[in-house]
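Below is one structure, written out as structure tokens; the observations come after it.
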Amino acid sequence: MMGNGVVAQLQHLDVPNSLGAKVVGRKKTRGGRAAGAEKGGISLRHFSMKVCGIVESKGRTTYNEVADELVAEFSNTDFPHVSSDQPQYDEKNIRRRVYDALNVLMAMGIILKDKKSIQWKGLPSSDVGNVADLKVAGLYNLVSRNEQLSQEKKAPHRVVALPFILVQTRPHATVELEISENMQVVHFDFNSTPFELHDDAYVVKTLSSQEQRTARTQ
Numbered sequence: 011m012m013g014n015g016v017v018a019q020l021q022h023l024d025v026p027n028s029l030g031a032k033v034v035g036r037k038k039t040r041g042g043r044a045a046g047a048e049k050g051g052i053s054l055r056h057f058s059m060k061v062c063g064i065v066e067s068k069g070r071t072t073y074n075e076v077a078d079e080l081v082a083e084f085s086n087t088d089f090p091h092v093s094s095d096q097p098q099y100d101e102k103n104i105r106r107r108v109y110d111a112l113n114v115l116m117a118m119g120i121i122l123k124d125k126k127s128i129q130w131k132g133l134p135s136s137d138v139g140n141v142a143d144l145k146v147a148g149l150y151n152l153v154s155r156n157e158q159l160s161q162e163k164k165a166p167h168r169v170v171a172l173p174f175i176l177v178q179t180r181p182h183a184t185v186e187l188e189i190s191e192n193m194q195v196v197h198f199d200f201n202s203t204p205f206e207l208h209d210d211a212y213v214v215k216t217l218s219s220q221e222q223r224t225a226r227t228q
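All residue numbers for the sequence shown refer to this note's numbering, where the first residue is 11 and numbers rise by one.
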């Protein structure tokens with residue numbers, strides 16, 4: 011966990027273009043559908059795998075091509091995982107999921123994006139995959155430790171628990187936010203405004219750089 015001094019620095023963290031964003035909604039959705047599959051539905055992981063498979067098979071494609079193909083597939087009432095009366099699989103939602111999945115694939119280095127063109131790059135090697143698995147396991151261990159400290163009421167006040175993610179967007183952006191009732195699922199809609207996600211390592215490194223600059227000027 012990060013102590014009071016770091017919390018104070020985070021409040022004044024100098025991350026370009028991140029101030030002034032406006033959150034216009036905090037809507038809690040019922041049930042809190044997590045990443046796993048719900049009854050009669052399709053899991054987010056399976057959906058992302060379908061996006062990945064389409065891009066891999068085409069080699070080079072566009073967002074619209076991928077989205078159109080999945081809209082056509084999910085609109086088929088004979089599709090084994092989706093029924094026609096499930097509103098969460100309407101066209102707008104499918105296209106939004108495709109957009110999110112492509113951003114994740116790009117962040118992982120699996121695809122390359124040049125303007126509207128999307129190119130398949132390839133899956134990480136097994137060694138890289140093993141390192142990624144270790145990182146995920148480490149993060150889960152941190153989360154479990156934080157939950158245990160919280161339950162035992164040993165966690166200090168005014169701290170930022172690791173791991174965390176910093177969401178950065180343009181000044182004066184309008185951000186729509188939905189949080190599930192169980193607080194396990196959060197959905198951001200930036201309304202086409204560019205945004206970035208930074209992990210805790212990035213934030214700590216930025217804080218360290220700021221401290222070094224401050225020390226040199228004193």
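Where a beta carbon is used, it is the ideal one built from N, C-alpha and C, also for glycine. All of these numbers come straight from a predicted model, not from anything done at the bench.
Thinking just about the alpha-carbon of each residue, which of the options is nearest to the one in residue i?
i, options, result
"Val114", "Asn192, Glu188, Phe57", "Phe57"
"Lys125", "Tyr73, Leu172, Pro181, Phe84", "Tyr73"
"Ile175", "Asn192, Asn201, Tyr212", "Tyr212"
"Gly119", "Leu133, Val108, Asp110, Arg107", "Leu133"
"Ala77", "Arg107, Gly69, Met59, Arg70", "Arg107"
"Asp110", "Glu221, His197, Gln220, Arg223", "His197"
Determine the DSSP secondary structure at residue i, reduced to helix, strand or coil.
i, result
"Ile120", "coil"
"Asp209", "strand"
"Leu5", "Here the chain has residues from 11 to 228 only, and residue 5 is not among them."
"Val195", "coil"
"Ser127", "strand"
"Thr203", "coil"
"Leu112", "helix"
"Leu172", "coil"
"Arg180", "coil"
"Leu133", "coil"
Using a Cβ-Cβ cut-off of 7 Å (strictly less than) and excluding sequence neighbours within five positions of residue i, which residues of its own chain qualify?
i, result
"Leu122", "Gln129, Lys131"
Answer yes or no: do residue i and residue j have a C-beta to C-beta separation smaller than 8 Å?
i, j, result
"Asp209", "Pro173", "yes"
"Glu157", "Gln178", "no"
"Phe84", "Ile104", "yes"
"Arg226", "Pro204", "no"
"Val195", "Leu112", "no"
"Glu186", "Asn201", "yes"
"Arg70", "Ser127", "yes"
Kindly list the residues whose CB is nearer than 8 Å to the CB of residue i, restricted to its own chain and excluding five residues on each side of it in sequence; keep chain order.
i, result
"Val81", "Glu101, Ile104, Arg105"
"Glu79", "Ile64"
Only counting the same chain, and skipping five residues up and downstream in sequence, which positions put a Cβ closer than 6 Å to that of residue i?
i, result
"Lys68", "none"
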